Amino acid sequence: MLHSTLAVPSKLTRILRLLVILILFLPVLQPLSAKPDTTLTFDEVLISGTSSVNFFPIDSIQGNQQSSNSLNPLHYSSINLREYAPGGIATFTFRGTTPQQNEVFWNGLRLNNPMTGLTDLSLFPLFLFDAVTLHPGHNKNLDFSGFSGGAILLNSRGQADTVGAFRLKLENHLDQVSNRNHFIDLYNHRGSTAFHIRGQLRNARNNFSYKNPSGEQTTAEHNHLNQKSLIAETTTQFSNNRNLSLYAWLQDTDRQIPATLFQSRSKAVQRDKSLRAGATFTSGKGPGLLLLNAGFIAEQLIYKDSLTSEFSDSDIYQFQTSARYQIQLLPNFPVQGKINYQNNRIHSTAYEDRVEENHLDLGFDIDYEGLWDDKLRMGLKVRKGFGTRATTPLLFNAQTVFLAGPETLITASWGTHYRLPTYNDLFWPTLGNPDLKPERGWNAELGLRSRQMKFIDLVRINLYLRHTDQMIYWTNFGGTWRPENLSAVRAKGLELRIEQRAKIGDVDMRWTAAYDFNHSILTEERFPGDPAKGKQLPYQPKHTVFGSLKVNWREFTASVQWKYSSTRYVSADHSSSLDPIILGGIHLDKRFSVVGLDWQVGIYADNVLDHRFQSVNQRPMPGRLMGMRLITKFTK
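The sequence shown begins at 661 in our numbering and counts up one residue at a time.
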């Protein structure tokens, strides 16, 4: 049973929430009456000192990889993706972490579900965003959250077009099993204000074929997905150094959950409905920079299975707000202070009581950039948390950047991490473990980044080492999954990225190649004779190789992507495993203009080698899938 202090929100909490809202938006009132400028820029504000160089590893998603499956580009990235089915629940990990140790942000709002602690990537269609960046580890330009994993940043506040610009784009995808994905993008910029509306409608039957355990060809059933999404945004520039962005995201996802390989049928369905809304205000004056952010998230998740009589209805409400101020106290010495407040309220049929939790984070960042003839830059981030359940320890992350040459950087970082169990970890009926302890540990990274080498435009090498005590892990106990604290887990690895661009006449080429090595093992026994000690953790591939080649010739574009993930063990003692995953994708597009409209037609093949694989045990994924797309664009 939940502790009584979590059950009923206090009057003090309500007063604090209203006070924080007032404080955050009080500075907005004054510039509303100011005369707007005639130009508008949406440059991302990096609260990270004076340099805009990305010192730490970042992977980006290629827009031309889009298909009828909104997650397709992630299949060929550094993410270790776990999909229960196309359009089904999809979680991710970096560097041997658990899904709960990683975060997803949209325009600064944290999207992790407070019940489960993780995010379902199938709820975030990549069509809807201007940029999707993957941060496998700690990055100087990110907030230091104290988590041990990485982050995915979803940004829909892109660069502004010129004043008076108008854009309408329609995008349609259709594949051979009648999966359809439709997308609309409407943009208008008038005076000092820009409006942006994006919508998505996805209908997927997912009736692909696969082989059952008897070797017979079978067609997937009870696997339909219907998804509707709408994002509306407006940004107003009040002066050269002040702007306000307002944004809202409505979404409704209705999906069937298919049977496993050893089930004859399934009647399970899940409905996810959400409203996400936020505001961001930035103001820079003199040596100081102020950024205020506030957001509200309301989600409902309904799960029911008529065969097993299972049913759950969960309503989740999150209020997030943050304020940060950076000032240049001395030359080359920026200092930043920040405060983050979050309120979570959960009402679920799975819990006996209603849950409310408040959490306050205080942070302080300092940088010094002028050491050793401006070749050495050092920074320190510290964070302290106060919450309803616990006060988190003081956490830190120290970072160093050394300019070893005109185009070469050497980076290093070392820090600590800490994470509380989620509510599902503790209280999920019959499966939760109320005796779980928080996990804590340390992590270190060493990296090299160099540009304009002979025959190579960019090379990045990164080494990492992470140690976690009491790591929270869901383990299979005789067919039942339950969370437990692993005594000690150590992860070490290497990441290599190579990029090259070339131009021969009218032909532009760009290729990338990447290799990831990850060794994540249990270093201490949970009990005498523990067979899992020293073995790779479940669902963590030790080797991953991926890359891409993109060629542009006049109005034609061709691209190829590939990825290999080594064997993933399903059980902690390695008694069962999943075969390696080998994926390849081909995309061909042609652009042309007719009657004042820009058109693009394309065909694509996903899993072109028709490799039969499982991302999650007993959950088959599609083989080769052919599709086509049509994009229409009008600009003014």
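The beta carbon of each residue, even a glycine, is placed where N, CA and C say it ideally should be.
All figures in this text were calculated on a predicted structure; none of them were measured in a lab.
In this structure, the straight-line span from the alpha carbon of Leu885 to that of Ala919 is close to 15 Å. In this structure, DSSP gives Pro759 a helical state, which the three-state scheme calls helix. In this structure, Val1220 keeps its C-beta atom at 8 Å or more from the C-beta atom of Ser1236. The C-beta distance from Ser889 to Pro785 rounds to 6 Å, short enough to meet the 8 Å contact threshold.
Thr758 sits buried, since 16 or more C-beta atoms from the chains shown fall within 10 Å of its C-beta. The distance from the Cβ of Phe826 to that of Thr1295 is about 7 Å, consistent with a contact at the 8 Å cut-off. Contact between the segment 1033-1049 and the segment 1010-1021 is present: 3 or more CB-CB pairs across the two stretches fall below 8 Å.
Nearest C-alpha to Leu846 among Asn1212, Leu990, Leu788, Arg865: Leu788.
Annotated three-state conformation of Asp1085 is helix, per DSSP.
In the same chain as Asn1277, and ignoring 5 residues on each side of it, the C-beta atoms closer than 7 Å to its own belong to Val1230, Leu1238, in chain order. The Cβ neighbour count for Lys927, taken over all protein chains shown within 10 Å, is under 16; the residue is labelled exposed. With respect to the C-alpha of Gln980, the residue from Asn1000, Glu1012, Lys964 having the closest C-alpha is Asn1000. For Ile917, there is no enclosing beta strand (DSSP E), since its DSSP letter is neither H nor E. Within the same chain, Val837, Thr879, Ala880 come within 6 Å of Asn867 by CB-CB distance, once the 5 residues on both sides are set aside. In this model, Gly1039 and Leu1055 are separated by some 14 Å (Cα to Cα). In this chain, the beta strand (DSSP E) harbouring Gly1023 covers 1015-1031.
Beta bridge pairing from DSSP links Ala1151 with Arg1126, Ser1180. Rounded to the nearest angstrom, the gap between the Cα atoms of Asp1027 and Gln1274 is 46 Å. Taking C-alpha positions only, Trp1088 is separated from Tyr1011 by approximately 7 Å. When secondary structure is reduced to three states using DSSP, Phe787 falls in the helix class. Straight across, the Cα-Cα distance linking Asp1085 with Trp1134 is about 8 Å. For the pair Asn901 and Tyr1078, the Cα-to-Cα distance works out to about 37 Å. Taking C-alpha positions only, Leu814 is separated from Ser738 by approximately 16 Å.
Pro796 has its alpha-carbon roughly 25 Å from the corresponding atom of Asp1266. In summary, Asp1034 is exposed, with fewer than 16 beta-carbon neighbours lying within 10 Å of its beta-carbon over all protein chains present.
A Cβ-Cβ separation of about 7 Å places Arg1289 in contact with Glu831 under the 8 Å criterion. Cβ contact annotation for Ile1070 (same chain, cutoff 6 Å, sequence separation greater than five): Phe1062, Ala1064, Leu1108, in chain order. The residue among Glu1185, Phe855, Asn1103 with its C-alpha nearest the C-alpha of Gly1153 is Asn1103. Here Gln1130 is actually not in contact with Pro1094; their C-beta atoms are around 15 Å apart, not less than 8 Å. Taking a C-beta distance under 8 Å as the contact criterion, Ser782 and Ala750 qualify as a contact pair. Counting only runs of 4+ residues, no alpha helix (DSSP H) is found wholly inside the segment 815-869.
Judged by beta-carbon spacing, Tyr985 lies within the 8 Å limit of Leu950, meaning their Cβ atoms are closer than that value.
Counting only the Cα atoms, Lys829 lies some 25 Å from Leu1285.
Residue state for Ser782 is assigned as helix, using DSSP reduced to three classes. Scanning its chain for C-beta atoms nearer than 6 Å, with the 5 sequence neighbours on each side dropped, one finds around Arg1170 the residues Arg1161, Lys1210, in chain order. Around Ile1246, the same chain offers Val1220, Ala1265, Val1268 as residues with beta carbons nearer than 6 Å, after the five sequence neighbours per side are excluded.
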